[in-house]
Structure formats: structure tokens, C-alpha cells
Amino acid sequence: MADRLQKKVGIVTCSGEELAEGTVSRLAALKVLEKLRPDDTVTICLPLFLAGGEGDRAFAKFYPTITIDGCDKRCAYRGTQKYSNTPAASIVITDLAAEQALGEIEGKSDLNAAGLTAVDLAAEQAAGQVDELLGKHWSRREGAFTQTNPKDEDSHEVTATCSCGSGIPVQLFEIDGRKFEIVALPLLFKTFSGQRKAPSDDTLKEIIAEVRIYNVIEPENETALIDKIDQAYQDYWKDNESKHEQN
Amino acid sequence: MSKEKKVIIIPCSGVGKSFGTVSRMAAYQVTEDDRPATTQLVPLALLVLGDEEARETVENNPVVVIDGCQLACAKKMVLESGGTVSKEMAVLDFYRQNRELKPQGISQLNEGGKKLASVIAAAVDLVVDELTEEGGKNG
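And the structure:
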């Protein structure tokens, strides 16, 4: 079921503004996002796990995630693990530099040769991890791999965008004055509609099964929330049908 | 991190937008070139993780935040960490006042972005001077 949504890998990078290795981690992440695997990767700023909303905190539950950290404090890894989900893979620039005997990395705003080499090596390593992760089946329900499924796609250069302000799309409902955020519902509606699944009891059951992968629905709100989701999908379907007719 | 009183500069850690890079470049200019003796950069990630030393630093020193977008992560994290924001700067506000300096590029800022970072850094320098002067008078 979860496979219906497009699979991508999330890249979360160290924000280490005080270290040159932090710059390496950000530039390596950007190289993966923009040049090496633009179709397969997305990113989010680490502080959004706290400063953002539920959709942002759901990031690593929704995407298998690679963290790129500048130093052994491993802020990106620990932050992602603490606020979202355990990363699927990680890279630490200081470890990489030591393993490869790159020498001292210097220059926060203008990296030296060792820093630039570290960017290339870290980006290549992360790209390999992306391939590995997408070659396996990532279960969003379990937050872990379940089976292998090799993947082979060409990449092209694009501009990376972060998830600022959006994270995973959410839909808001209000029940008895209380607000509820349903993570990933807009994506699910798009997917079900794209598969031409018209609103029905069966479709609703499938949608709710998917909704439960990303959201906890409290028993006391279950009936009201399912009614809201049912109505929302009917409205979404009608809007889409109208757009199709106009085109 | 130094225990000595300094003005703490916290830029946005935005990875995917030019405005994030501008905020970092401005912070580097202030802390490394313009006011290295009176300022200190604290990375946002340490505040996200609740690092004790970083929290203590923002609690006990004046803080200037330079946020890259309206989500204002830097400001929110300082407040969340028990600190007080002495001055809040937003890259977007400076861009609105300097439309000719449109930042482009993330890993390599264009000239407009670099100039915008310098404009912001100059404004931060003034705030740092005010804060350190006040600190001197009070202290």
C-alpha cells in the first residue's frame, strides 16, 4: 500500500555553522540533492523538527533518511532520531576525513582543498546510500526495510528545495473546536484519485488504512475524523472531476 | 565555548534556500572579520539537541538571530532554549529594502547574495556595538 506514494530518501545535514566540517556536510548534501540524485532525494532543515509542525516531525517516518554530520556530536543524526525517526544511514565528516587521510579541513565560507575533497567523497558515499536504500523496500509502517527491489534511474541536475514551511503535507480538520492535523493526507488523496478510485466504502477503508500508517487516531475521535476524511475525499474527487471536464 | 560575555550570533541553518546561505555569510562576516572579539557564533543544531553549554551560552548573553525565512527557526530555538532575543534580523526584510541584491545560488552565492550578506553584517555590527556598549556601561 505505502508503495503507491513516490519513494524518496531524506537528507538531513548538520547545521554546524561554527565548523568547516559543517560547511562540508551542507555542500555534500546539496551535491546529492542537486546533482547526483535530484529525483530521489529531499531535505529538511534540522531545526524544523522543533520549530515546525507535525508534518515536519513526520519527515523521517515518511522518508528513509541519511544524515550527514560535521563532527562526532552527530547533531543531525541525534536530532532526527530524537524528534522524527532513526536515520537509515549516516556519514560523519570528521570520520571520513580521518579514514581518507584528507588533512585538516578549513574555511567555513571558503573551503580548502581537503574540504572540497571531503565534499565530493561524502556526496558520493551518500549517493551510494541513496541507491542502496531505494533498492530495498522501506516500510513506512515499520520504519524499516522489508524486502529488496533493485532500482536503476538516470539523474539530472536540478535546484534543491527544502521542506521549509511544508514538510510532509498535512490536512487540517476541526472537530468540536479541536484542531487535528492528518499527515500525508493530501498525498494520499492525490494517489487514490490518480488511480481513479472513486469515493466508496472500500476506498475509504483503504484511505484510512494508509492514514493510520502516518497518524495515530484516538478512539474517541475516530468516527468523527473518518467522517471528515470521507467528506474531504469526496470534495477532492469532485474538484478533480470538474477540472478534468474543463480540460 | 567561551564563558566570557559576548554577543551571540545565531544564523539560520537553512540548507535548501539562498536566504539561509546569506544569513550564514553575514554571521561569518560579523564573527570572523568585523567583530571577532565581541561576538560568538552558536550553531542552531546544538540548541535543537538541548546541548547544555549552548543553552547556558544563550541564556547568559545577548543574542542576535539572523533568520532566513518566516519560520524563524533561530528565534524560536533561542526562546525555546530559555534565551532572550536582543535583536531579530530577517534576511527577507533586508532583501525587501535592497531589491537589486537578489541572492541566488546556495553552495556558491552570486554577487547580489554576497552584497546582501554584507549589508546585513553591517547592520548586525551596529547592534553588536550597541549591546557591547550597554554591557560596558552596565558592567
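Protein chains in written order, with numbering that gives the first Met the number 0: chain A, 0 to 246; chain B, 0 to 138. Each residue gets a CB set at the ideal place from its N, CA and C atoms; glycine is no exception. Treat the numbers as computed from the prediction; the structure is a model and nothing was measured.
Shown here, Gln-128(A) sits in a helix according to DSSP, grouped into three states. Sequence-distant partners of Gln-128(A) (beyond 5 residues in either direction) whose C-beta falls short of 7 Å from its own C-beta, in its chain, are Ile-65, Ala-88.
Interface with chain A (7 Å Cβ-Cβ cutoff): Tyr-94(B) is excluded. Phe-48, Leu-49, Ala-50, Gly-51: these are the residues of the segment 48 to 59 of chain A whose beta carbon lies less than 8 Å from some beta carbon of chain B, given in chain order.
The C-beta distance from Thr-22(A) to Gly-114(A) rounds to 7 Å, short enough to fall under 8 Å.
A distance of 7 Å or more separates the beta carbons of Ala-117(A) and Arg-36(A). Sorting Ala-197(A), Glu-221(A), Tyr-82(A), Glu-123(A) by C-alpha distance to the C-alpha of Ser-24(A) places Glu-123(A) at the top.
By the 16-neighbour rule on beta-carbons within 10 angstroms, Pro-46(A) is buried.
Given a length threshold of 3 residues, each whole run of the beta strand (DSSP E) inside the segment 56 to 84 of chain B is given here in chain order: 62 to 66.
Secondary structure at Ala-89(B): strand, using DSSP grouped into helix, strand and coil. The Cβ atoms of Tyr-82(A) and Phe-48(A) sit closer than 7 Å to each other. Between the segment 93 to 108 of chain B and the segment 6 to 25 of chain B there are three or more inter-stretch CB-CB distances shorter than 8 Å, so the stretches are counted as touching. Closer than 7 Å to the CB of Leu-108(B) there is not a single CB belonging to chain A. For the 7 Å CB-CB criterion, Leu-130(B) and Pro-61(B) form a contact. The continuous beta strand (DSSP E) containing Ala-88(A) extends over residues 88 to 91. Nearest to Val-11(A) by C-alpha distance, out of Arg-56(A), Ala-50(A), Ile-67(A), Asp-55(A), is Ile-67(A).
Per DSSP, Lys-178(A) is not a residue of any alpha helix (DSSP H); the beta strand (DSSP E) it occupies stretches across 177 to 182. In the three-state reduction of the DSSP assignment, Thr-85(A) falls in the coil class, being assigned neither a helical nor a strand state. Counting the other CB atoms within 10 Å of its CB gives Val-31(A) a total of 16 or more, which places it among the buried residues. When C-beta atoms of the segment 233 to 245 of chain A are compared with those of the segment 51 to 58 of chain B, fewer than three pairs fall below 8 Å, so the two segments do not count as touching.
Just so you know, the alpha carbons of Val-118(B) and Pro-168(A) end up roughly 35 Å apart. Taking a C-beta cut-off of 8 Å against chain A, the contacting residues of the segment 14 to 26 of chain B are Val-14, Gly-15, Lys-16, Gly-19, Arg-23, Met-24, Ala-26, listed in chain order.
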